[in-house]
Amino acid sequence: MRIKYIASPTFKTKVHRLRPLVTAIRGPIGSGKSVGCVMHMKKIAMEQEPNEDGVRKTRWVCIRNTYPDLKGTVIKTFQDWLPQSICPIVYDAPIRAMWKQHHPDGKTRIECEFFFLSLDKPKDISKLMSLECTGVWINEAQFMPKAIVLEALSRAGRYPSMRDGGPTWYGMIMDTNSPDDDHWWYDFEEGIDEETGKRLCPDNWEFVVQPAGITEISGIPEGALSKDQREMIRKGLFVDYLGKRFVANPDAENVANHKNGFGYWLEKVQGQTLNWIRSRMCNVFATVADGKPVFGDSFNREIHVSANKLLPVKGWTTLVGLDFGLTPAATFIQISPVGQVRVIDEVVSESMGIERFAEEQLKPLIASKYQGCDVKFFGDPAGVQRAQTNETTCFEILEEAGFDVQPAHSNVITARLEAVRYFLHRLIGRGQPQIVISPHCRQLIKGMETGYQYKRMNVSGQEKYSDKPDKNMYSHLNDSFQYVCLAAMPQLHRENVIKQASTGHKALNTTTGY
893 MRIKYIASPT
903 FKTKVHRLRP
913 LVTAIRGPIG
923 SGKSVGCVMH
933 MKKIAMEQEP
943 NEDGVRKTRW
953 VCIRNTYPDL
963 KGTVIKTFQD
973 WLPQSICPIV
983 YDAPIRAMWK
993 QHHPDGKTRI
1003 ECEFFFLSLD
1013 KPKDISKLMS
1023 LECTGVWINE
1033 AQFMPKAIVL
1043 EALSRAGRYP
1053 SMRDGGPTWY
1063 GMIMDTNSPD
1073 DDHWWYDFEE
1083 GIDEETGKRL
1093 CPDNWEFVVQ
1103 PAGITEISGI
1113 PEGALSKDQR
1123 EMIRKGLFVD
1133 YLGKRFVANP
1143 DAENVANHKN
1153 GFGYWLEKVQ
1163 GQTLNWIRSR
1173 MCNVFATVAD
1183 GKPVFGDSFN
1193 REIHVSANKL
1203 LPVKGWTTLV
1213 GLDFGLTPAA
1223 TFIQISPVGQ
1233 VRVIDEVVSE
1243 SMGIERFAEE
1253 QLKPLIASKY
1263 QGCDVKFFGD
1273 PAGVQRAQTN
1283 ETTCFEILEE
1293 AGFDVQPAHS
1303 NVITARLEAV
1313 RYFLHRLIGR
1323 GQPQIVISPH
1333 CRQLIKGMET
1343 GYQYKRMNVS
1353 GQEKYSDKPD
1363 KNMYSHLNDS
1373 FQYVCLAAMP
1383 QLHRENVIKQ
1393 ASTGHKALNT
1403 TTGY
């Protein structure tokens, strides 16, 4: 069976020519990423040096986050280009396939083995432990934890054995749509170490970016558009949606393989969120929410995030919200003389008790940035409970460490959320927002934008969400933010919000008053 493959420009000029340890491809939906990765695995298998018996041995592990996606997308695409007649798949545990074929040189044979695994949680790392392979392909890597990616990479280069000459090349290929800007992919591709100014990209990793399917041209004067973009508009290959204009990208790849050409992307715009369009079709880093953002109707990045990094000012009121548990978090704010709340710092941690958190995180930060500031802490009221081990409370531990700390004014979620909205909805002198967040507080910003959310409920036929915010990686920091916003509220407003919440009534909307 002869299968004709025409590589896209990105794969032809970059991916298929590169041989770094890791090649990471980021592109829009429908750009041919998966097909290109399957053909790249074939190419590596054919390039493997033969052993003494004239056999070119390689082994690949193909990974997707869930079993349905593994079977319905990865294996389906795989069999389009390595069909069952050439590379039979055995649906065992794990799913595996073997491709045996004479090499085009007429002298040697190809023996390439494939394993197909579904992995999406750190606990799934155990599935990789006994594997020895030449290379790894991770499909839709935006859904994969960094720990699994790095562990999978450690399995590469172990096959074939040195008895067969070892691997000619080994490593990993990954593909993805553009993820959030706080994703590990973004850190590796674009991240810069603030202290050293060096890129965070690991050595011998190559990031390859495909052209967008469509591009956003909102607000760009027609004269500033390229000749090709103006031609696309003349042909009607654009769509206006939610006040934005998106035009077909003349440099888009894989257009010929879509029946509707550029319409493949343009017709998918309607009904989607702007960030989904930007991530999946414009190929730019954007936050795509699965649930319903708690502050989606209140928070606006363009309004509430400072253009420049905020620094503490000596003499200003400094308040800190604290959330306890084994993932303690803190939010540092200052209140300016005109009443603007300025979020200066965020502190997050994992697997750390409050004592270590205070000694290793809070004290160094205060010593380095908040000298001369009167810092007051407001913690999760649950912190008054005594530990079963030594009967001390979180507040007692912090007081012994020298912190001025007290329980937050309320732990009722309605009151806490309204405290945040109180500041988000208000302007102060000259139209300035009453709250502004420093841009380096990335996790808080991401949480405010989408990460802190009401979880979507599994209800057929309609969209329903939980009535309380989901407990996830953003909730601890957001809880600390809510405690400090309660502390920063004017007393009368705070008392009113807490009273309404505590009596079981919906708190007054802090903008409308009803």
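In this text, residue positions in the sequence shown follow my numbering: the first is 893, and each later residue adds one. Glycine included, each C-beta is placed from N, C-alpha and C at the ideal position.
Query	Result
Other residues of its chain near F1080: CB distance less than 8 Å, five sequence neighbours each side excluded	A916, L1092, C1093, P1094, W1097, F1099
Under 8 Å between C-beta atoms of L1214 and F1138	no
Limits of the beta strand (DSSP E) - the one that H994 falls within	987–994
DSSP three-state assignment for I1227, whether helix, strand or coil	strand
Top-ranked residue by Cα proximity to Q1162, from D1132, G1188, I1195	D1132
Inter-residue spacing [alpha-carbon to alpha-carbon] between V930 and Q1034	18 Å
Secondary structure of C1377, DSSP reduced to three states	helix
Cβ pair I955, N1031 closer than 8 Å	yes
Inter-stretch contact (C-beta, 8 Å, three-pair minimum) for the region 1248–1263 and the region 1231–1240	yes
C-alpha distance - W973 paired with F903, whole-angstrom precision	16 Å
Contact the region 1168–1180 vs the region 936–944: 3+ CB pairs below 8 Å	no
CA-to-CA distance, V1101 to E1251, given in whole angstroms	42 Å
Backbone secondary structure at G1188 - three-state DSSP	coil
Rounded Cβ spacing between R1047 and C1025 (contact assumed at less than 8 Å)	5 Å
Rounded straight-line distance, which links the Cα of R1126 to that of G1155	15 Å
Residues of its chain near A1399, where Cβ-Cβ distance is below 7 Å and the 5 sequence neighbours each way are ignored	Only weak support exists for where A1399 lies, its pLDDT of 42 falling under 50; the coordinates are left without a value.
For I1227, the nearest candidate out of T1209, P1220, F1216 (CA to CA)	T1209
Exposed unless 16 or more other CB atoms sit within 10 angstroms - verdict on V1230	exposed
Environment of H932 [buried if 16+ CB atoms lie within 10 Å]	buried
Separation of K968 from R948, as counted between CA atoms	25 Å
Contiguous alpha helix (DSSP H) assignments of at least 4 residues, all confined to the region 924–986	925–939, 967–973
Enclosing alpha helix (DSSP H) for P1382 [first to last residue]	Where P1382 is concerned, there is no enclosing alpha helix (DSSP H), given that its DSSP letter is neither H nor E.
CB contact flag (V1328, Q1253, <8 Å)	no
N-terminal and C-terminal residue of the beta strand (DSSP E) that D1067 is part of	1063–1068
For I1112, the nearest candidate out of K925, Y1078, K1136 (CA to CA)	K1136
Where P975 falls, given that 16 or more other Cβ within 10 Å makes a residue buried	exposed
Closest by C-alpha distance to I1258, when choosing among L1218, T1219, V1205, P1299	V1205
Cβ neighbour criterion (16 or more within 10 Å) applied to G1294	exposed
Beta strand (DSSP E) segment containing S1198, residue limits	Unbroken run through S1198: none, as it is neither H nor E.
Local conformation of R1122 per DSSP, three classes	helix
Interface flag, I955 vs chain D, CB-CB below 8 Å	No chain D appears in this structure, which consists of one protein chain only.
Opening and closing residue of the beta strand (DSSP E) in which R1234 lies	1233–1240
Beta carbon of F1006 nearer than 8 Å to that of L962	no
Supposed contact pair W952 and C1004 - C-beta distance, whole angstroms, cut 8 Å	7 Å
CA-to-CA distance, H1196 to L1319, given in whole angstroms	11 Å
Distance between L1316 and E1247 (C-alpha atoms, nearest Å)	33 Å
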